[in-house]
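Quick note, the sequences are listed as chains V and Z, same order.
For the first sequence, the numbering used here begins at 269 and goes up steadily by one.
For the second sequence, the numbering used here begins at 116 and goes up steadily by one.
Ideal Cβ placement from N, Cα and C applies to all residues, glycine included.
Structure record follows, encoded as structure tokens.
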Amino acid sequence: MKSFLTSRVTSTFLVLAGAVVLWSFVSASHVFPPFAVPSPIAVWHAFISTWTHGYLQKTMGQDIVASLARVTVGFVGAVVLGVPMGLAMAESTIVHRLIDPFLQLGRPVPPLAYIPLFVVWFGLGEFPKVLLILVGTLPVMVISTIGGVRSVPAQRYEVAKSLGARRHQLFTRVTLPSVLPEIFTGMRVGIGVAWGTLVAAELIAASVGLGWLVEQAANQLQTAIVFAAIIVIGLLGFLMELTIRTIERFAIPWRGRA
Amino acid sequence: MSLLSLHDVSLRFGNDPQRPSVLESISLEVGEGEFVTVLGPSGCGKTSLLRLIAGFQESTGGEIVFDGQKVSGPSAERVVVFQQAGLYPWLNLRNNVAFGLKLRRRKVDWRLVEETIDIVGLKGYESYAPYELSGGMQQRAALARALVMSPRLLLMDEPFGALDALTRQRMQEFILELRERLDLTIFFITHDVEEAILLGDRMLIMQAEPGRVTFDEDIRLPRPRSEATTLTPEFQVIRQRALQTLGRVSIAAAGFTDLDTALSLNFDGSSSAREQRA
């Protein structure tokens, strides 16, 4: 187990290091102009300078804090609303019939399409951005929760019924714990969706944030900063997924084993 | 008065009268303290019968009376032990065993829980998660979870069917021992001829299409029994009769009239007979 983990970390590191080396060669070969493919060193310098001096009066740290806050609030909101919604829809046909049409209609719409509306309704503040993330992530949470309830093995209910469980006890003592693994899967998918939505939101209406940074730097052909911001977004998304996975390991140690 | 009585119970799925019933006019009485084993080929409806008695399903005809009351749903007085232990993975052994007690409003009697865990031989494993236990231990835990409720009737649906041969033998010995120690009424379903004879005070054999009981006799082997009982001539005689009955059952199910052909069939997998018919 230990050697497996080590080797996986090693291989990930080697793949990334190889990519950086390849990238250096491509940028050094000048096949592409430097403003299209800046060198890794240029990107590193851009990162440091944005971190210490900032870009357009905002440091990288401020951008990170702003984006992290938006993602976290929107994502947590989606979980807090989506899980009970999914549970209610799975438990009650009436609730399902009421909500499902909106869910099915809303799901294929890219969250970006809501931006103009949200700007008209809620202005340019934080609320429309957070709401956009919430709206984008919500269906993932609802659908995975419903899927979790539907995939509870029938025998778990029969065991409980046979031991005298009432209807509400079936829900609290069998459904809720059984659905946890699917909720965590939904959260891991959802955090990716949340980041995607965030960057989209900040492209339109923001004055700070990683998405905003990408957009502003691109407009001024500061490609090195664009690269740096993209890498930071990737790392943050990965770290948040890792956090969820760690919580998952403690919350549902039986996953994959029962 | 018997603990459990079935009067002309039948079960059919759908409204197509062409399809044979799953169960047809089954009547039987089970007395307090009896150990009834039900033997039959797959598809004979034995599990359906158990599910009706458990109250998971309603019969489409006749009635089931338990302790003077018509069965209308599941109850902790008729606890089921399934083929798959079905322990809850988020609970450790102790809390799995206490699951049924926690459903009641009363305070959980933890001494009773500990005692029951001891009875099934799992003392020392109380804090283990289900997936840390072997298949046989999981099945013992499932049994403890049922026993702790002091059910009037224990319904066991091929409880050892998923275990390897050696573990199954150990579990059979264990059930025999348990029977000597505790006063239990058991309705035990199996497709294993030897298991049915070794464990039961009384054996029923079921026939398929439509499912009905074609054999119902007491097994007068002396107790206490053990694996060694299977080697006695008396045991072999009963086994032979059971196999013959099953042979006849297979003939009927497969449309055969030739007893030799039927007896050469694997009693459980009447599949070879079905293939020949097709």
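My guess is that residue 128 of chain Z and residue 137 of chain Z are in contact by the Cβ rule of under 8 Å, so how many angstroms apart are they, rounded?
Between residue 128 of chain Z and residue 137 of chain Z, the beta carbon gap of about 6 Å places them in contact (Cβ cut-off 8 Å).
Going along the region 411-433 of chain V in order, which residues come within less than 8 Å of chain Z, judged by CB to CB distance?
421, 423, 424, 426, 427, 428, 429, 430, 431, 432 and 433
In whole angstroms, give me the CA-to-CA distance for residue 339 of chain V and residue 353 of chain V.
20 Å
Which of the three DSSP states, helix, strand or coil, is assigned to residue 299 of chain Z?
coil
Helix, strand or coil for residue 238 of chain Z, going by three-state DSSP, please let me know.
coil
Count the other CB atoms, across all protein chains shown, that sit within 10 Å of the CB of residue 378 of chain V; report buried if there are 16 or more and exposed otherwise.
exposed
Under the DSSP definition of a beta bridge, which residues are partnered with residue 161 of chain Z?
Residue 161 of chain Z is not bridged to any residue.
Pair every Cβ in the region 311-322 of chain Z with every Cβ in the region 143-161 of chain Z, then say whether three or more of these pairs are closer than 8 Å.
Contact between the region 311-322 of chain Z and the region 143-161 of chain Z is present, with at least three C-beta pairs closer than 8 Å.
If residue 467 of chain V sits next to residue 501 of chain V, beta carbons under 8 Å apart, how far is it from one beta carbon to the other, in whole angstroms?
7 Å
Kindly list the residues whose CB is nearer than 8 Å to the CB of residue 495 of chain V, restricted to its own chain and excluding five residues on each side of it in sequence; keep chain order.
306, 311 and 314
According to DSSP, is residue 424 of chain V part of a helix, a strand, or is it coil?
helix
Pairing CB atoms from the region 266-273 of chain Z with CB atoms from the region 164-181 of chain Z, are three or more of them under 8 Å?
yes
Go ahead and pull the three-state DSSP assignment for residue 400 of chain V.
helix
Residues of chain V with CB closer than 7 Å to the CB of residue 191 of chain Z, please, in chain order.
For residue 191 of chain Z, the chain V residues whose Cβ falls inside 7 Å of its Cβ are 431 and 432, in order along the chain.
Among the residues of its own chain, which have a CB less than 6 Å from the CB of residue 372 of chain Z, if the five just before and after it don't count?
The predicted model places residue 372 of chain Z with a pLDDT of 45, which falls under 50 and marks its position as unreliable, so this point remains unresolved.
Going along chain Z, which residues have a C-beta under 7 Å from residue 437 of chain V?
218
Just by C-beta distance, which residues in the region 503-525 of chain V are closer than 8 Å to chain A?
This model lacks chain A altogether; the protein chains it does include are V and Z.
What whole-angstrom Cβ distance do residue 243 of chain Z and residue 208 of chain Z have, given they're in contact under 8 Å?
5 Å
The alpha helix (DSSP H) that contains residue 350 of chain V, what's its start and end?
328-359
Going by DSSP in three states, residue 264 of chain Z sits in which element: helix, strand or coil?
coil
By alpha-carbon positions, which one of V:327, V:300 and V:343 ends up nearest to residue 481 of chain V?
Nearest of V:327, V:300 and V:343 to residue 481 of chain V, Cα basis: V:327.
Residue 394 of chain Z lies in the beta strand (DSSP E); which residues open and close that run?
Residue 394 of chain Z lies beyond the stretch modelled for chain Z, which goes from 116 to 393, so this question has no answer here.
Excluding sequence positions up to five away, which residues of its chain have a Cβ less than 6 Å from the Cβ of residue 295 of chain V?
305 and 307
Since I believe residue 419 of chain V is in contact with residue 450 of chain V (beta carbons under 8 Å), could you give me their beta-carbon distance rounded to a whole number of angstroms?
7 Å
Use the C-beta contact count for residue 299 of chain V: other C-beta atoms within 10 angstroms, 16 or more gives buried, fewer gives exposed.
exposed
Verify whether the separation of the beta carbon atoms of residue 245 of chain Z and residue 198 of chain Z is less than 8 Å.
no
Answer with yes or no whether the minimum CB distance from residue 244 of chain Z to chain V is below 8 Å.
yes
Figure out for me which residue from Z:176, Z:249 and Z:287 has the closest Cα to the Cα of residue 105 of chain Z.
Nothing in the structure corresponds to residue 105 of chain Z, since chain Z is present only between 116 and 393.
How would you write the range of the alpha helix (DSSP H) that residue 122 of chain Z sits in, first residue to last?
Residue 122 of chain Z -> not in any alpha helix (DSSP H); beta strand (DSSP E) instead, spanning 119-126.
Closer than 7 Å, Cβ to Cβ, to anything on chain V: give me those residues from the region 232-256 of chain Z, in chain order.
244, 245 and 246
Can you give the Cα-Cα distance for residue 206 of chain Z and residue 422 of chain V, rounded to whole angstroms?
Straight through space, the alpha carbons of residue 422 of chain V and residue 206 of chain Z are spaced by roughly 18 Å.
Helix or strand or just coil, what does DSSP make of residue 243 of chain Z?
coil
Would you list the one or two residues that DSSP bridges to residue 286 of chain Z?
DSSP output for residue 286 of chain Z lists no bridge partner at all.
Give me the chain V residues within the contact set of residue 276 of chain Z, using Cβ-Cβ distance strictly less than 9 Å, ordered along the chain.
Neighbours of residue 276 of chain Z in chain V, taken as residues at a C-beta separation under 9 Å, are lacking, since the least C-beta distance is about 14 Å.
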